[in-house]
Each structure stands twice: as C-alpha cells, then as structure tokens.
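The block underneath contains the structure these notes are about, expressed in structure tokens.
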Ligand SMILES: Cc1cc2nc3c(=O)[nH]c(=O)nc-3n(C[C@H](O)[C@H](O)[C@H](O)COP(=O)(O)OP(=O)(O)OC[C@H]3O[C@@H](n4cnc5c(N)ncnc54)[C@H](O)[C@@H]3O)c2cc1C
C-alpha cells in the first residue's frame, strides 16, 4: 500500500494524448495498486487542483484521479492558449498558464496524481471510508471524496467503423486501435497509422516518427487545424521521404479482430489497404457524465446538488465542487469553484481531523500556514 508519496516530478519521457508536452506535466503514481489518503479528489481540473491547496492549509493530504494524462481539465484540454479575463488579480491568463500556476501553488502539499485513469466505482467500506476504483484497477481509500469532475469525463470520438471496438489495442503490445497514447514506447518499431488533422494527430505524428518503424498520417482533406509549425514539420518529413501523408477517408479495418493488419482507405486512387500494426485515431473528445451517474447520488440535470455551506452532497463524506455541482444561483466559473473549494475544505477537516479544533488564519499573518507553504 502507498500513502502520500510525492509524484510532482516533471515527466518529459512521454508526450500527452493532446498536445506537445507542456512544462508542468506530472508523473503519475503506479496504476493497479492500493493507496490510502485523507481525501480523494476525482478530477484534476482547476477546481480539483485548487482544492488541494485549501486542504493542504488544513493539513489534509489528497490524491487526484483524472482520466486525462495531464492536469488542468477544460483549461488545458479545450483552451490551453485562450486568454481568460476573469480570474481575480490576473487581468489576462491562458488556460495552460492558469494550470501551471495552480500546480506551482499546490506543490508544497505534494499531491499524488493518478492520471490517465477514470474513477469508475465508489463504495463505502465497513470502516466508513470510501473506496474509489479506477478503470486501471487502482483503489484509493479515504474518509472523504470530493468530486471535481467538471462537465464529466472526456471520452474519445471514435471513427465511424462498425466493430472497431473489437480491434482496440492494449498499451503493452502497441498493436490495434488507440485513441490516446498512454505509453509512447509501446509504438517503438511498429508500423503506425495516425488519423486526424488536429494538434493531437500532428503532435503524435512528429513524436512517434523517430521511434516507429513507419508512420503514416491519414486526413480527409489537405488542410489541418493543428498548429502551423507542426504542419510544416510534418510536410518536411513527407518531402524527405521519412513518412507518408494520405488524403483519404478511412473506410474499414483489415485483419481478424483483435489482430489489426491494416486500414482500408478511400482516396484519389480508390480503395486501398495500408498495412499497419497500430491505428491511432484522434477525432476529438466529447464530455460525458460517465461513471459519476452510477455513484448513487441524487442528480439534478446531470449535476450533483450540494448545500452552499459545505458543498457536501446528500451523502455524508461525499462533496462536489466546480462545474459538476448544482445549487440555486450556481455560475459555472472557475472563481466559483475556488470559493467552493475553500468552504468544502473547512467541512472536510471535521471528517479527517475530528479531534482537532479548526482555527481561522490568514496566510499573510500565520507563521504556521507560511511554514506549510515553505515560505518561512
Ligand atoms: C472554451 C471555454 C472557455 C471558457 N472560458 C472561461 C472563462 O473565461 N472564465 C471562467 O471562469 N470559466 C471559463 N470556462 C469554464 C471553465 O473552464 C470551467 O468552469 C472549469 O474548467 C471548471 O473546472 P472543474 O475543475 O470544475 O472541471 P473541469 O475543468 O471540467 O475538469 C474536470 C476534470 O474531471 C475529470 N473527470 C471527470 N470524470 C472523471 C472520472 N470519472 N474519473 C476521472 N476523472 C474524471 C475530467 O477528465 C476533467 O479533467 C470556459 C470553458 C470553455 C470550454
């Protein structure tokens, strides 16, 4: 069993599923193991991250679970470079920079991240604690869980190929159909075909080209949404004969499932089969409420009702902050989630440290808080 071991180390080895690895990428705790902590935070968007800070000031440790392979939620996944204008005291800040700043702010509290894992099951244990199970077999127990799942889990849009699920690959072999790259090295020496025209497709084309046996990019038109410098690099690789570009539609898969042998495309030369070991399809992401719907909570139009004193749900020990919660007057703004995280932390303290009295303190004047923050 593991407890709150710090994993806030930069991970430069494996680029993410979405974009070129950004500074602030973090390492994830090993999957498939059991962990015990004070609070489980499901969702590492801006509100889940700030929740770590508010808990940390009260000596409460946290583990964060997120289906994405990087922190930041909507800010880093949907609008990393867009400016946000309504974060207090930041007249302008991008989604990525806000996330980087939050990561810096919570670093003194050494949160443990479980990235690339979806929280799928929640059960009360005989000792009253909660156990969250992930789709990677990780289990985490804690007296409190805070759901900071935003609009829900990001899930890949799959190419419209009947029966594609039967070809979905596994991380170990690097063979089959994938919608994200969890382990770059799995594709070393493989014949990789990448489908899509956005940042993820282009980033992975460039990142896998040096290690794959061959790389091909399939896109339905010769026009890409990805960053222009990535498109230019890809075109240079094509010109150098280092990879192939196919302007075509994907029509089907070849091989007997689960063994993928190629992809059927329809392009200017008609239908042909491109042999490959792995198809990486980057057709974008959709947000679905996902497993939270099965957690036994009362829902209000797919949102979790909470009280506005503690941001606790109808089930004691389960809290909800950020876009996922509902109460009269709720505004789905980052600053609302920050406020909710501060009040939730006060209530969580009673569960985690029932024997300790909670004293209200300012970070400006409390040497106790400043020591926790490592500034004294
Ligand atoms: C284009 C755009 C522009 C915006 N501009 C602004 C703005 O200017 N100002 C502003 O205040 N707000 C803005 N917002 C809204 C803001 O991004 C959200 O209010 C904010 O991201 C909510 O934060 P959150 O932490 O609650 O949720 P999210 O950011 O949605 O993060 C939730 C996280 O939970 C994870 N998750 C969900 N389910 C599971 C599960 N079962 N297991 C594991 N992980 C799970 C998700 O993968 C996600 O990373 C904007 C939103 C968009 C899309």
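Numbering (the numbering used here), first residue to last: 235 to 610. Backbone N, C-alpha and C fix where the C-beta goes; we use that ideal spot for every residue, glycine too. Note that the structure is predicted; figures quoted are calculated from it, not measured.
Beta-carbon spacing of residue i, residue j below 9 Å
{"i": "residue 501", "j": "residue 459", "result": "no"}
{"i": "residue 401", "j": "residue 489", "result": "yes"}
{"i": "residue 291", "j": "residue 544", "result": "no"}
{"i": "residue 672", "j": "residue 289", "result": "Missing from the structure shown is residue 672; the chain here goes from 235 to 610 and no further."}
{"i": "residue 536", "j": "residue 519", "result": "no"}
{"i": "residue 514", "j": "residue 429", "result": "yes"}
{"i": "residue 377", "j": "residue 362", "result": "yes"}
{"i": "residue 477", "j": "residue 389", "result": "no"}
{"i": "residue 442", "j": "residue 480", "result": "no"}
{"i": "residue 276", "j": "residue 298", "result": "yes"}
Among the options, the one whose alpha carbon lies nearest that of residue i
{"i": "residue 548", "options": "532, 560, 536 and 559", "result": "532"}
{"i": "residue 572", "options": "555, 530 and 551", "result": "555"}
{"i": "residue 354", "options": "371, 345, 343 and 346", "result": "371"}
{"i": "residue 293", "options": "406, 580, 366 and 270", "result": "580"}
{"i": "residue 343", "options": "280, 285, 312 and 449", "result": "285"}
{"i": "residue 444", "options": "423, 453, 451 and 359", "result": "423"}
{"i": "residue 410", "options": "590, 494, 270 and 345", "result": "494"}
{"i": "residue 281", "options": "574, 267 and 597", "result": "574"}
{"i": "residue 509", "options": "469, 425 and 315", "result": "425"}
{"i": "residue 608", "options": "449, 340 and 272", "result": "340"}
{"i": "residue 384", "options": "323, 357 and 525", "result": "525"}
{"i": "residue 266", "options": "272, 539, 360 and 373", "result": "373"}
Near ligand 1: residue i beta-carbon under 8 Å from a heavy atom
{"i": "residue 347", "result": "no"}
{"i": "residue 352", "result": "yes"}
{"i": "residue 320", "result": "yes"}
{"i": "residue 430", "result": "no"}
{"i": "residue 368", "result": "yes"}
{"i": "residue 596", "result": "no"}
{"i": "residue 273", "result": "no"}
{"i": "residue 539", "result": "no"}
One or two residues paired with residue i in a DSSP bridge
{"i": "residue 388", "result": "521"}
{"i": "residue 509", "result": "496"}
{"i": "residue 262", "result": "DSSP lists no partner for residue 262."}
{"i": "residue 539", "result": "560"}
Residue-chain proximity (residue i, chain B), Cβ-Cβ < 9 Å
{"i": "residue 398", "result": "Among the protein chains of the structure shown there is no chain B, as only one such chain exists."}
Please list the segments of the beta strand (DSSP E) lying wholly inside the stretch 283-326, counting only runs of 3 or more residues, in order along the chain.
296-300
Let me know the beta strand (DSSP E) ranges lying completely inside the stretch 354-384, each 3 residues or longer, listed in chain order.
364-368, 373-376 and 378-381
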